[in-house]
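Each residue of the sequence shown is one higher than the one before, starting from 14 at the first, in my numbering.
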Amino acid sequence: MSESLITADPNISPDIYPRGWFRFFEILPGAFVWTAILLPFLLSYIFPLGVTVFIIVFDIYWLIQAFNYGFVLIRGYLRMRHNLQVNWQASLDRLLQLSPEEREARGVIDWRDLYHVVIFPCYREEVETLEASLDSILRCGYPPERIWIVLATEGRDQENGRELARRITEKYGTVFFRFLHTEHPDGITGEVKGKGANATWAAKELVRQVRELKIPLDRIIVTTADADTRFDQRYFLALTFAYATLPNRVHCSFQPIATFFNNIWETSIFSRVLAFGDTFWTMIESVRSYRLITFSTHAVSLQTLVDINYWCTSIVNEDSRQYFRAYFHYKGDFRVVPLFIPIYMDAVSSDTLLGTLQSLYLQKQRWAYGVEHFPYIVMECYRQKTIPFLNRFMLVWRAFQGAFTWFTSSFFLSVVGWLPILLNSSFRDQVVVSNFVIVTNEILSLTWIGLIISSIITIRILAIIPHKRRVFDWFIMIIQWVLMPVSGILFSALPGLHAQTRLMLGKYLGFRVTQKSGHHPASEVKSAT
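Put into structure tokens, the structure is as follows:
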């Protein structure tokens, strides 16, 4: 095809991806999902027994998955608890005792040569939010004279951004190694209004200053964080240890456990359930590191950012795209290293319950819009034949499976099984229907074990957050898990379907800042054990 699509990756020539094929793969995930929605209605009339058998098999599959997720979640929690008890400073000091020969043989570098950079892309942020995050950095135990803070504001929020920079510079300007404020111009052609474009603009200025100082790019670790990110006091030490001890460090990204607990007691019950669900999912994916991709706050070498041309500036979900861009740039030689150290962010919250629910829906829609990566992944896997076929196939399969099951799992479990009974009057009186109801109820009742596990880990994790709560509040925090099926459908499955349908129809989604409200300054976050 002579007509081409301007790609979402500045490293790729716009002539590489044919427009027709790229558009086809944008449509494909949503088309499969809608087929899975509509087909059971038709089959319930012409082949109701087949639909019933399928649902029983799917329920069994889901039960196995629920037990597996519960087991992996326990492993993730125990691993996180272990890493929170490690004396990372002592571990770093032991590296200094290695002989030069041992360091060279193991690929270990002198961690004292490393600098940390934290980039905060900001848009309409309150100064108190950012101050709490910077205070958490100061309590991390890593020398502040080796930490570089980058405040990346937007030109379209010029007045607020400059006032924010003035107040932050006034308070923290001499505390850290350096403080850099950048202002991303509005209206650059080809850019989506979002974090990727802002962070890229800031990182380019950062690189210019780093080169003036003649600091090697691979001796600088860049963490990109939301303004509400509170860093655990072990984060920078654990990250430094991981970076210093990995020989192939430039071909790695480093992922903490994203938690959403800063305001967990103040937000709505629906937001709480989904906040814990999101946290648990990052724990599960961290254990299954072979499929872990970058999400939200993560760290990478500055050399890596330069190699892959910073962030993608023309898509919504720039954080997860980073993994795929690096993976393809390094011909498959790239991985995400789980740190099993938490960082603390705000759960979705607004002034009203309706506002909170709306923001929650829109946040999940934006996350589900990660399906926009699918055509990029498929086309790159087709291009890059030097990467082993199985690796490419699994990359495509996981992207497709994740998009497909985002909505269909809830739909199959809650709706499809009842369609033959409701739509086919001749079928509902058969004995198989009574047996179906009994079998599915027995199968799905066992999935409550997973909710019990989630409730127990919820209580354990809440120990890291200061609380003066009534017994009733703790009771509500436990029993809120009974709302998970409802919350999952309303604020995960439906936004997922909405996002995929938009992409399928070419109604491309823009970036929207999620409304949050944090009430726990970082100084109040206790040491987790």
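Ideal placement from N, C-alpha and C gives every residue a C-beta, glycine not left out. These numbers were taken from a predicted model, which means no experiment stands behind them.
- Listed in chain order, the non-local C-beta contacts of leucine 496 below 8 Å within the same chain comprise Ile282, Phe283, Val286, local neighbours out to five positions each way being set aside.
- The criterion of a C-beta distance shorter than 8 Å is satisfied by aspartate 245 and proline 355.
- Rounded to whole angstroms, the separation of the alpha carbons of phenylalanine 38 and arginine 191 is 44 Å.
- Around the beta carbon of histidine 95, fewer than 16 other beta carbons sit within 10 angstroms, so the residue counts as exposed.
- Note on leucine 459: under 16 other CB atoms within 10 angstroms of its CB, so exposed under the neighbour-count rule.
- Within the same chain, and ignoring the five residues on either side of leucine 111 in sequence, the residues whose Cβ sits closer than 7 Å to its Cβ are Val121.
- Straight across, the Cα-Cα distance linking serine 422 with isoleucine 228 is about 50 Å.
- When DSSP states are grouped into helix, strand and coil, isoleucine 59 belongs to the helix group.
- Fully enclosed beta strand (DSSP E) runs of no fewer than 3 residues occupy 265-272 of the segment 257-307, in order along the chain.
- Per the coordinates, the alpha-carbon of methionine 517 lies some 15 Å from the alpha-carbon of glycine 523.
- Between the segment 137-157 and the segment 171-182, the count of Cβ pairs shorter than 8 Å is three or higher; the stretches touch.
- Apart from sequence neighbours up to five positions away, the residues of its chain that approach histidine 194 with a beta-carbon distance below 6 Å are Leu164, Ala178, ordered along the chain.
- A check of alpha carbon separations from aspartate 332 across Ala238, Leu226, Ile489, Pro157 identifies Ala238 as the nearest.
- In this structure aspartate 291 is in contact with phenylalanine 273, their Cβ atoms being roughly 6 Å apart against a cut-off of 8 Å.
- Note that the segment 102-109 does not touch the segment 202-216; fewer than 3 beta-carbon pairs, one per stretch, sit closer than 8 Å.
- Look at the beta carbons and you see the segment 464-476 not touching the segment 441-452: under three pairs across the two are nearer than 8 Å.
- Scanning its chain for C-beta atoms nearer than 7 Å, with the 5 sequence neighbours on each side dropped, one finds around threonine 369 the residues Thr280, Ser281, Ser284, Val361, Ser362, Ser363, in chain order.
- DSSP, read as helix, strand or coil, puts valine 188 in coil.
- Secondary structure in the segment 190-264: the alpha helix (DSSP H) runs of 4 residues or longer, each lying completely within the stretch, are 208-226, 248-258 in chain order.
- For the pair glutamine 513 and valine 46, the CB atoms are nearer than the 8 Å cut-off.
- Proximity to leucine 97 across Val66, Arg125, Gly430, Tyr248 peaks at Tyr248, based on C-alpha coordinates.
- Counted as a single uninterrupted DSSP element, the stretch harbouring tyrosine 128 is not any alpha helix (DSSP H) but the beta strand (DSSP E) occupying residues 128-134.
- The three-state secondary structure of threonine 421, taken from DSSP, is helix.
- Ranked by Cα distance from isoleucine 132, the options Trp324, Ser427, Trp410 are led by Trp324.
- The beta carbon of isoleucine 400 lies closer than 7 Å to those of Lys344, Gly345 in the same chain, with the five residues before and after it left out.
- In the DSSP assignment, the residues bridged to threonine 166 are Glu196.
- Contact annotation: methionine 93 and methionine 296 have beta-carbon atoms nearer than 8 Å.
- In the displayed model, alanine 360 falls within coil according to three-state DSSP, outside both helix and strand.
- For aspartate 170, the closest alpha carbon among the candidates Val140, Tyr382, Tyr136 is that of Tyr136.
- Beta-bridge analysis with DSSP links histidine 311 to Thr237.
- The criterion of a C-beta distance shorter than 8 Å is satisfied by isoleucine 456 and aspartate 72.
- As a beta-bridge residue in DSSP terms, tryptophan 161 pairs with Val130, Arg191.
- Nearest neighbour of tyrosine 389 by Cα position, chosen from Ile50, His342, Val445, turns out to be His342.
- Per DSSP, tyrosine 382 lies in no alpha helix (DSSP H) segment and is marked neither H nor E.
- Residue range 331-342 is occupied by the alpha helix (DSSP H) that includes tyrosine 336.
- Judged by DSSP secondary structure, asparagine 322 falls outside any alpha helix (DSSP H); it is assigned neither H nor E.
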